[in-house]
Amino acid sequence: MTAAPSPNPRIPFDQELCGLVLDTAPRLFAVVQVCDEGREDADGWVAAWGLVDHAGPTHVISLDGRARMTLPSPERALRHFADRPGITARLVWLAQPDTAAIDRPAAA
């Protein structure tokens, strides 16, 4: 007599690790500056990138690398990038990742 397969087979360890990574992945966003918003000749550019997790602070670094900030929320970053007349700032969120893969290092 052979044993029947378990109705709940154990998920392979690599899949568990990938699930853990996806469950705890921080969210990535850009701080975009906009000049003359609402006008036909409006212009925009990425001024900084930010990283935030569900329970921690927000980390922001300007595109040129000169400004690095740790803030209580992503929205607080907007104050630092909308400080000139005619310039507004927005957050643009990258989509939450839905896949993960394990990269196996090559043998030395």
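Numbering (the numbering used here), first residue to last: 251 to 358. We put the CB at the ideal spot given by N, CA and C, even for glycine.
{"Asked": "What whole-angstrom Cβ distance do Leu365 and Leu321 have, given they're in contact under 8 Å?", "Found": "Because the chain in this structure spans residues 251 to 358, residue 365 falls outside the shown range and cannot be described."}
{"Asked": "In three-state terms, what does DSSP make of Thr320?", "Found": "strand"}
{"Asked": "Cα separation between Thr349 and Arg277?", "Found": "14 Å"}
{"Asked": "If Val281 sits next to Ala339, beta carbons under 8 Å apart, how far is it from one beta carbon to the other, in whole angstroms?", "Found": "6 Å"}
{"Asked": "Would you list the residues sitting across from Ala339 in a DSSP beta bridge?", "Found": "Gln283"}
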